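Visitor: Be aware that the sequence shown starts at 1, since it is given in full-length UniProt numbering, and climbs by one per residue. All C-beta atoms, glycine included, are put in the ideal place defined by N, C-alpha and C. Fair warning: this is a prediction, and the values are worked out from it, not measured in the lab. Structure in structure tokens, see below.
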Amino acid sequence: MDVFRDQNSQSMEKLAQQVKVNNESFNDTTLCDIFLDNHDLPRFLNQTKNEVLIRNALIYLMFSDGIPILYYGTEQGFIGNNSNQTLHLGEP
């Protein structure tokens, strides 16, 4: 989903190619999980501050084939670059 991180570095054609590869590789793509970020990767908002890109990415996440996985904090705009940052805003 790099196409949503930086609108200048990736094209929608690359996303379309990946969707095609997935459709050819898996019998049922509706059973695959799809996510923007997780505990092993920097948060999506750490890579881009463009609100339009994050909204487009979330829309794609919810409406594409697969099971959407929303990593906790993404919906609140957390921007940590690893799993230990901004998990608990009230703790030091």
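Counting Cβ pairs closer than 8 Å, one from the stretch 17-34 and one from the stretch 65-76, do we hit at least three?
Guide: The stretch 17-34 vs the stretch 65-76: in contact.
Visitor: Do the stretch 3-12 and the stretch 40-59 meet, that is, are 3 or more Cβ pairs less than 8 Å apart?
Guide: Contact between the stretch 3-12 and the stretch 40-59 is present, because at least three Cβ pairs lie under 8 Å.
Visitor: In the DSSP assignment, what residue or residues form a beta bridge with phenylalanine 35?
Guide: Answer is Ile69.
Visitor: Might you give, ordered along the chain, the residues of its own chain that have their beta carbon closer than 6 Å to the beta carbon of phenylalanine 44, omitting 5 neighbours on each side?
Guide: Around phenylalanine 44: Leu36, Asp37.
Visitor: Please state whether the Cβ-Cβ distance between asparagine 50 and asparagine 81 is less than 7 Å.
Guide: The answer is no: Cβ separation not under 7 Å.
Visitor: Can you give me the C-alpha to C-alpha distance between valine 21 and glutamine 76, rounded to a whole angstrom?
Guide: When rounded, the distance between both Cα atoms is 32 Å.
Visitor: So the alpha helix (DSSP H) asparagine 22 belongs to, where does it begin and stop?
Guide: Run containing asparagine 22: 12-25, per the alpha helix (DSSP H) assignment.
Visitor: Near asparagine 23, what residues of its chain come up, given a Cβ to Cβ distance below 7 Å and the 5 sequence neighbours on each side ignored?
Guide: Answer for asparagine 23: Thr29, listed in chain order.
Visitor: I need the DSSP call for aspartate 2, collapsed to helix, strand or coil.
Guide: Note: aspartate 2 maps to helix in three-state DSSP.
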